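Below is one structure, written out as structure tokens, with a few remarks after it.
Residue numbers (this note's numbering): 1429 to 1523.
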């Protein structure tokens, strides 16, 4: 489910990278289910938490790179934070 959730984020997010297209996400999940994807329906309660977990990881990795002297990307970090906050308001049970 973790990989399905993150893949849906990557394939269905808006070009700004801080939100997703609701119609695309539903189509993505529906296609996955129709193709026989092995994740049972009861695991979909973890969908949003997994995406938020990965966004936190991406932000931590970004901050660690800055701490090691690499240049940061403030716009990237802002998009991650925006997405993290936005997903907080989406009901966990989407599907």
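A virtual CB, placed ideally from N, CA and C, is assigned to each residue, including glycine.
It should be emphasised that the depicted structure is a prediction, and the values quoted were computed from it without experimental measurement.
Exercise for the section: Spell out a yes or no on whether the stretch 1494 to 1503 and the stretch 1456 to 1472 are touching, meaning 3 or more CB-CB pairs, one atom from each, closer than 8 Å. Expected result: no
Practice task
State the CB to CB distance for the pair residue 1437 and residue 1448, rounded to an integer number of angstroms; the pair is presumed to be in contact (CB under 8 Å).
Solution key: 6 Å
Exercise for the section: Tell me whether the beta-carbon of residue 1476 lies closer than 8 Å to the beta-carbon of residue 1515. Expected result: yes
Exercise for the section: Would you decide whether residue 1495 is buried or exposed? Buried here means 16 or more other CB atoms lie within 10 Å of its CB. Expected result: exposed
Exercise for the section: Please go through the same chain and pick out, in chain order, the residues whose beta-carbon is closer than 6 Å to the beta-carbon of residue 1478, but skip the five residues on each side of it. Expected result: 1430 and 1433
Exercise for the section: Would you give the residue range spanned by the alpha helix (DSSP H) that residue 1458 belongs to? Expected result: 1450 to 1462
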